[in-house]
Amino acid sequence: MLTLAILIPMLGALALVLSPGLGHEKARWLSIGASVLSFACLIIVWALFRIGEEAPAFQSVAEVPWIPSLGVAWRVGVDGMSLALSLMSGVLFIACIAWPMEHPDRPIAYYAWFLFLESVSLGLFLVLDLLLFYVFFDLSLVGMFFLIGRWGHDGAERAALKFFIYTLAGSLAILLAIIGLVLSVDPITFDMRTLIAAQPLAGMDLRGGLILLGFMVGFAVKTPLFPVHTWLPPAHVMAPGPVSAILAGVLLKMGTYGMVRIPLQMLRESFAAYAFPIALFALASILWGAVVALGQTNLKRRIAYTSVNHMGYTVLGIAAAGAMLAGAENARSLALTGAVVEMVAHGLITGALFLIAGGFWARSQTYDLDAFGGLAGVAPKLTVAAVIAAFASLGLPGLAGFVAEVQIFVGAFAVFPVIAAIGLLGILITAALFLRLLQQVFFGDLPTARKGFPDLSRREGAILSVLLFLVVLIGIYPRWLLDLIGSATRAIVGGS
Amino acid sequence: MLWLIPLLPIVTGAVIAAMGDRSRRWLGTVAVMVLGATLCLTLLAAAQGWTATLIWSDAIRLSAELTPLSAAIALMVPTVALAVVFHATQHESPQGIGRLTGLMILFTGGMQLVVVAGDLLTLLIGWELIGACSWALIAHKWRAIENPRSGLYAFVVTRFGDLGLFAAAIALFAGTGSFDYAGIATLSGPLSFIVAYGILLSAASKAGQVPFAPWLFRAMAGPSSVSALLHAATLVAAGAYIIALLHPSLSVVPGWQATTIAIGLTTALAGGVTGVLQNHAKRLLAASTSAQMGFMFVAIGAGYPGVAALHLIVHATFKAPLFLVAGAAGDATGSYRLDRMRLGRIMPLIAGLAVIAAAGLAGLPLTGGGWSKEEIVKAAEHADFWLSIGVMIGGALSAAYATRFVLLAFGRRSEDDRDIAAPGWAETAGIAGLGALTLATGLLWVSPLSDALAAATGFTLPEGSTLGLVLSLICVAVGVASGIYVVRHNPALGRTGAAAAASDWLGLPTLITRGVVLPFDALARAAARFDDDILDAGPRSVAALARRGSMAIAAMDNQVVDKGVRATAAFGDWLARVADRFGEALSDGIPEGTAGITGMLGREARRLQSGLSHHYYAYIVCGIFAVVAILAAGA
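Protein chains in written order, with this note's numbering: chain A, 40 to 535; chain B, 195 to 829.
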């Protein structure tokens with residue numbers, strides 16, 4: 040079933056490439072169909088997923104041997120964390136594929152790349168084999184590179200290249216670390232479950248530290264953490280809205296998901312030893328991301344930097360969760376649950392924000408905040424959507440971001456009280472920066488150039504309503520999500 | 195079931211706001227129905243002792259409950275909101291009135307959530323929800339950019355205080371594994387400090403205490419009915435409410451009571467002076483709100499949270515109508531300048547209601563406000579006699595600014611030919627209802643009644659000395675007299691000069707702007723530049739190095755490899771010429787052809803130099819092989 044979820048979008052992409060005569064609408068519906076089918080597979084997996092003490096950690100597992108001598112195989116399976124992330128990715132992909140293209144040229148290639156990216160993104164969350172994980176990690180870069188480079192605007196090629204080279208350099212560090220990790224088990228295997236159970240580097244200080252460093256550098260670039268975040272703003276600014284939404288909503292999660300799955304789970308001892316510096320980098324990201332976002336005058340750059348801030352919260356939760364081998368289990372699993380909820384919430388919220396930002400470009404070809412004002416009068420629906428998304432992003436209770444952040448802070452406080460306390464300031468700065476954004480764009484006088492600014496179309500409105508409905512639902516009644524994620528995080532923190 | 199009390203107004207408020215503008219009659223009816231239903235539900239809940247929980251996960255649980263004190267406040271909130279929101283539907287400008295009504299109802303629901311919360315997480319949810327609503331309401335007339343700016347100011351300042359509540363909730367969970375209020379008393383050591391002072395911080399910021407007081411001035415950018423709701427029944431009241439409710443657990447923390455008293459007394463005095471000097475009708479009232487909340491802080495610090503809660507309720511009944519009459523006067527004269535009002539002749543009924551409410555604010559005997567203020571004096575006397583003197587001086591200032599407000603706004607001009615219409619009955623009805631409530635609170639002077647009320651809420655009333663009462667009443671009289679004196683001799687006090695400067699919270703907003711806001715903005719801009727110029731420089735220079743490196747390699751490639759290719763071609767030519775010269779015995783065609791082919795290969799190789807070096811090597815190798823093969827064949 041999981042294999043199908045990965046395969047269907049890939050087949051959809053192939054079908055698109057093989058039928059060049061397809062019209063725009065048909066291509067779009069075909070890709071929506073493929074992503075909905077793939078999502079349906081995930082829903083089935085979710086329906087069959089069991090939560091409880093005796094339920095296995097990874098479920099819906101399937102395995103097909105590939106290179107037995109190296110211990111490589113097609114292995115898929117999910118725990119509560121990866122299932123939650125892949126479900127979120129599934130929703131976001133459907134939303135972004137359904138969102139109108141900014142420049143409707145070469146639609147077939149556009150949708151084909153989108154489906155390709157969906158396939159490899161879901162693959163990354165669903166596989167249980169390190170080699171496949173790495174392959175999907177790199178393939179996601181390829182898909183994103185072409186989507187930004189070919190459908191972006193202005194200096195898109197340069198931004199895409201920067202993104203590609205930067206994250207590729209990160210992924211090379213990961214490759215080296217994977218090789219180092221795999222070589223330290225006998226017999227060699229890329230099976231994540233075996234590696235988690237084996238803890239191959241336990242007791243090896245230097246080697247464990249170096250391999251951890253490799254993984255953390257690679258994932259920190261992807262997440263991105265301060266100070267290796269500078270590829271993010273240009274990539275976002277040049278990318279079309281839906282591509283930005285996927286970049287922020289799905290691709291950034293690969294970094295934090297990887298951090299949990301590999302360093303935290305497979306290198307527990309080394310991770311615990313270096314958790315404090317990791318938390319410091321997280322804190323730097325929280326504060327720096329927020330402060331720099333406040334200083335931006337470009338709509339998309341501002342949202343992009345808030346991603347650095349939010350991913351900082353996530354990494355803080357992860358660092359707190361992995362800071363000890365035993366003790367404070369409740370607080371640490373709370374921190375990790377918060378971190379995973381933050382990934383889901385950030386995906387939905389920032390996805391919605393970037394789609395909205397894309398709508399701004401489609402309507403006015405600029406992201407300059409000063410070029411807007413008073414839009415509440417001409418575009419009330421857009422205003423409401425943006426206000427909800429902005430408040431969700433600044434962590435207002437009753438919306439998804441709060442559920443995540445409160446758990447991260449509560450959990451992290453038990454482990455790193457001072458860092459958690461300082462990190463709270465991030466909440467204040469994001470409040471200021473989002474309210475200023477709203478004030479600048481939607482209130483005050485309407486510039487004459489924006490007199491005919493169209494409100495959300497029915498399609499845009501429907502897509503945003505779905506995303507924001509989920510944000511509100513998670514904010515008010517998150518139990519269904521917390522139970523799912525908690526089943527995984529308790530096991531991870533407990534060491535099984 | 196208890197969730198219904200906040201949920202009903204929150205959901206219906208959101209729906210009403212989304213439906214857009216409707217007629218005043220429709221909105222008024224709906225508002226009265228929704229808030230009336232909320233009030234009935236609250237009565238039912240208080241009578242039957244409803245509770246509620248909502249499970250988020252194994253670790254996190256939200257809960258709601260009603261204590262006697264919270265039940266009293268939970269009844270006050272929708273009662274006052276009912277009158278105020280009804281007034282809003284009848285009075286505020288028709289553009290956006292649907293949204294305004296809906297948001298005010300939602301706001302009331304958020305406040306009910308704060309009141310019924312049984313744990314710090316639920317409290318935090320309601321706490322921030324009312325903060326967000328206040329942003330939307332202050333920014334209501336968004337077309338003038340000043341209003342959203344004021345909303346932002348209010349939200350950010352109160353959110354700064356919210357961080358205290360965040361910290362308190364986190365520390366409580368760290369200490370007890372749950373957010374329940376019940377756990378606060380079991381804490382000890384640093385955690386109990388974080389919880390107690392965190393809650394105090396957020397209470398002080400919400401209640402407009404020093405140094406957060408200036409946000410209440412900025413909040414005046416909202417419509418006057420929003421101010422009435424915000425100051426009387428909701429946001430600001432939440433600050434005093436929460437420390438009154440949690441007083442038993444918080445007061446045991448060392449220094450907490452003294453800090454609370456210090457904050458309260460400072461604000462009461464500074465707010466009193468600010469109020470006396472203000473020439474802006476709504477700001478005068480805003481300063482008075484801070485000062486009155488300061489009284490409540492003093493009472494709580496002195497160990498009488500029940501007295502504070504009663505003053506909170508009484509204050510709500512007289513402060514709401516004061517804001518509404520100020521709104522009526524301001525809308526009638528086009529500005530909130532007190533020295534231009536004197537509308538007593540034009541709107542006598544409103545003026546009468548203003549006098550009733552202002553008498554409460556002044557703390558005159560036989561008014562509800564007077565009763566609860568005297569109780570605070572008595573409470574302060576229990577802590578320290580000098581403290582009660584401080585409260586008395588605060589009371590004198592209250593009397594002065596209340597007198598000044600009512601005389602300037604609703605005094606009578608000897609001749610009045612201004613073309614201003616008095617508010618209609620629908621606009622007056624809400625104010626009149628609140629005025630009736632204010633009058634009813636005067637019954638608190640009947641001591642059996644007030645003792646019974648205190649007993650019902652589970653608190654005792656302080657005993658006071660006759661000396662204190664006499665002194666306090668003298669202070670009130672002096673205050674009223676000086677209020678009259680100022681109005682007679684300097685009606686435009688606070689419009690210009692030093693008084694005007696001091697009336698802006700004694701310069702505190704300027705200090706905040708210069709000391710916090712501007713430096714932080716500059717920091718953000720500098721950080722943004724640093725991020726672009728310096729942090730990105732590392733990767734950029736690596737990229738530049740790589741580019742330069744690859745160009746160097748390419749140049750080397752051009753020189754070395756190209757030479758190789760040329761040489762090969764030349765070598766071929768030379769060989770061909772040699773073959774041509776010495777191979778006359780052979781058939782003419784073969785050397786000619788060889789020369790031609792090698793020459794062509796050489797040219798081809800030059801043309802194919804597309805920057806891919808391994809191709810070059812392949813071509814060289816091929817070229818050499820070809821030449822050798824041809825020669826071998828030719829030889």
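Ideal Cβ placement from N, Cα and C applies to all residues, glycine included. Computed from a predicted model, the values in this text were never measured in an experiment.
### Task
Please work out which residues of its chain come closer than 6 Å, Cβ to Cβ, to Leu628 of chain B, disregarding the five sequence neighbours upstream and downstream, and give them in chain order.
Ala277, Ala514, Pro515
Next on the checklist: What would DSSP say about Arg607 of chain B, mapped onto helix, strand or coil?
Outcome noted: coil
- Please work out which residues of its chain come closer than 6 Å, Cβ to Cβ, to Gln803 of chain B, disregarding the five sequence neighbours upstream and downstream, and give them in chain order. Caution applies to Gln803 of chain B, whose pLDDT of 49 falls short of 50 and renders its modelled position unreliable; the model cannot decide the point.
Practice problem: Identify every residue that forms a DSSP beta bridge with Thr245 of chain B. | Solution: B:Glu259
Whole-number beta carbon distance between Ile199 of chain B and Thr295 of chain B, since they are thought to touch under 8 Å: Not a contact, Cβ separation roughly 19 Å.
Review point. Pro436 of chain A versus chain B: which residues are under 7 Å apart at the beta carbon?
Key: Leu318, Ile319, Glu322, Leu323
query = Short check: CB of Leu260 of chain A to CB of Thr206 of chain A, under 8 Å?
reply = One point to set straight first is that residue 260 of chain A is Val, not Leu, in the sequence displayed. It is a contact, given that the beta carbons lie within the stated cut-off.
query = Can you tell me the Cα-Cα spacing of Pro279 of chain A and Trp105 of chain A, whole angstroms?
reply = Between Pro279 of chain A and Trp105 of chain A, the alpha-carbon positions lie close to 38 Å from each other.
- prompt: Which whole-angstrom value describes the C-beta separation of Ser77 of chain A and Glu157 of chain A, a residue pair presumed to lie in contact below a C-beta threshold of 8 Å?
  reply: Contact flag correct, Cβ pair sits at about 7 Å.
Exercise. For Ala429 of chain A versus Phe473 of chain A, is the C-beta distance shorter than 8 Å?
Worked result: yes
Problem - Helix, strand or coil at His385 of chain A [DSSP, three-state] - result: helix
What separation, rounded to the nearest whole angstrom, lies between the Cα atoms of Gly91 of chain A and Ile531 of chain A?
14 Å
I want to see whether chain B comes within less than 8 Å of Arg489 of chain A, judged by CB atoms only; does it? no
Where does Ser324 of chain A fall in DSSP's three states?
helix
Checklist entry - If you compare alpha carbons, which of B:Thr273, B:Leu394, B:Gly495, B:Val571 is closest to Ala426 of chain B? => result B:Thr273
*What distance in whole Å lies between the Cβ atoms of Gly312 of chain B and Ser419 of chain B, which are believed to be in contact at a cut-off of 8 Å?*
So it is not a contact: roughly 31 Å between Cβ atoms.
### Message
Per the DSSP calculation, Asn337 of chain A is bridged to which residue(s)?
### Response
A:Asp407
- Query: Which residues in chain A sit within 9 Å of Leu294 of chain B, going by Cβ to Cβ distance?
  - Reply: In chain order: nothing, as chain A lies at least about 14 Å away.
TODO: Would you decide whether Cys80 of chain A is buried or exposed? Buried here means 16 or more other CB atoms lie within 10 Å of its CB.
DONE: The residue is buried, with at least 16 neighbouring Cβ atoms inside 10 Å.
- Residues that Arg518 of chain A contacts on chain B, provided the C-beta gap is smaller than 7 Å: Ile249, Trp250, Ser251
List the DSSP bridge partners of Arg114 of chain A. A:Glu102
**OP:** Per DSSP, which residues does Ala311 of chain B bridge with? Please list them.
**Re:** Looking at the DSSP output, Ala311 of chain B bridges to B:Ala258.
Margin query: Quick check on Ala721 of chain B - is its C-beta less than 8 Å from some C-beta in chain A?
Written below: yes
Handout entry: Of the listed residues A:Ala527, A:Ala52, A:Leu61, nearest to Ala73 of chain A (C-alpha basis)
Key = A:Ala52
- Nearest chain A C-beta to Val585 of chain B closer than 8 Å, yes or no? By the rule that beta-carbons nearer than 8 Å mark a contact, Val585 of chain B does not touch chain A.
Buried or exposed (CB count within 10 angstroms, at least 16 for buried), His683 of chain B: exposed
Every unbroken beta strand (DSSP E) within the region 207-288 of chain A, with a cutoff of 3 residues, ordered by chain: none
| Under a three-way DSSP split, which group does Asp374 of chain B fall into? | strand
Three or more C-beta pairs under 8 Å: does that hold for the region 294-309 of chain A against the region 248-255 of chain A? yes
- [ ] Anything in the region 452-475 of chain A with a Cβ closer than 9 Å to a Cβ of chain B? List those residues in chain order, please.
- [x] Phe452, Ala453, Pro456, Ala459, Ala460, Leu463, Leu464, Ile466, Leu467, Ile468, Ala470, Ala471, Leu472, Leu474, Arg475
Looking at the structure shown, is His334 of chain B part of a helix, part of a strand, or coil, going by DSSP? coil
Review point. In this structure, does DSSP put Asp144 of chain A in helix, strand or coil?
Key: coil
Report the residues of the region 387-416 of chain B with a CB closer than 8 Å to any CB of chain A, ordered along the chain.
none
Asp725 of chain B - DSSP class collapsed to helix/strand/coil:
The three-state reading of DSSP puts Asp725 of chain B in helix, counting H, G and I together.
task = May I ask you to list the residues that DSSP assigns as paired with Leu531 of chain B?
result = The question names Leu, but residue 531 of chain B in the sequence shown is Arg. Bridge partners of Arg531 of chain B: B:His474.
**Message:** Just to confirm, is the Cβ distance from Phe517 of chain B to Leu479 of chain B under 8 Å?
**Reply:** yes
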